[in-house]
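Structure first, commentary second.
Residue numbers (our numbering), protein chains in the order written: chain A, 37 to 149; chain B, 130 to 243.
So, in structure tokens, the structure goes:
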């Protein structure tokens, strides 16, 4: 039982390049989330999904797209990376009960030059 | 909209001293409240949560927090700090007013000195 895994762990992009971050969970969770963490700002929600085939915008969705084609995977895409997207990205998931804790992945550190 | 305020972005205590990390929330309905801990270069790990049962919540590693509705607070405490407690701590609030989405505070970095 690996929990929540994220691929890759580190990435450096040039401005304008694209990439996809993969989040996978093996807990059969319905809900999945993508956050970004920046110094002094805590974690901010980018996009989330309440089940397979669904996605919704969070607090800071601009410049990102997501897909949830399979229940266990949640992909975060950057179509044209910008230096402002330099951040640490975390994926999280939880089951269908609202009081459940979110389980976090180890994070992806992205630098855009 | 729900929000969380963590007073003090950096807190320093001596080993063996009381740890007090402050969290105040804003919510129009009774919230669910969480404390998470983040060790360097790792993801977040749940310390404890309040979900409208007992107002005094005990978590892992000797931490506890008390929900005080009158003060809209959920402060985190530990009687005696250990060097291994050095980490960043996040308070977060979720539903039912905001659904299952978590709104995080900006975090408090705890330093433990000898």
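Ideal Cβ positions, reconstructed from N, Cα and C, are used throughout, including at glycine.
Residue i and residue j closer than 8 angstroms at C-beta
i              : j              : result
residue 138(A) : residue 69(A)  : yes
residue 184(B) : residue 153(B) : no
residue 79(A)  : residue 99(A)  : no
residue 132(A) : residue 146(A) : no
residue 147(B) : residue 206(B) : yes
residue 155(B) : residue 132(B) : yes
residue 90(A)  : residue 103(A) : no
residue 126(A) : residue 140(A) : yes
residue 76(A)  : residue 235(B) : yes
Residue i at chain A interface by Cβ criterion, 8 angstroms
i              : result
residue 229(B) : yes
residue 226(B) : Residue placement at residue 226(B) is flagged as unreliable, the pLDDT there being 48, under the threshold of 50; a coordinate-derived value is accordingly withheld.
residue 184(B) : no
residue 172(B) : yes
residue 234(B) : yes
residue 138(B) : yes
Identity of the residues DSSP links to residue i by a beta bridge
i              : result
residue 110(A) : 59(A)
residue 98(A)  : For residue 98(A), which the question treats as bridged, DSSP gives no partner whatsoever.
Residue i at chain B interface by Cβ criterion, 8 angstroms
i              : result
residue 143(A) : yes
residue 77(A)  : yes
residue 81(A)  : yes
Interface residues of chain D facing residue i [CB-CB closer than 7 angstroms]
i              : result
residue 175(B) : In summary, chain D is missing from the structure at hand, where the protein chains are A and B.
Stretch pair the segment 209-220 of chain B + the segment 158-170 of chain B: three plus CB contacts closer than 8 angstroms: In this structure the segment 209-220 of chain B lies against the segment 158-170 of chain B, because at least three pairs of beta carbons, one per stretch, are closer than 8 angstroms.
Ranges of the beta strand (DSSP E) found wholly within the segment 186-233 of chain B, counting only runs of at least 3: Entirely contained in the segment 186-233 of chain B, the beta strand (DSSP E) runs reaching 3 residues are, in chain order, 193-197, 202-207, 216-223.
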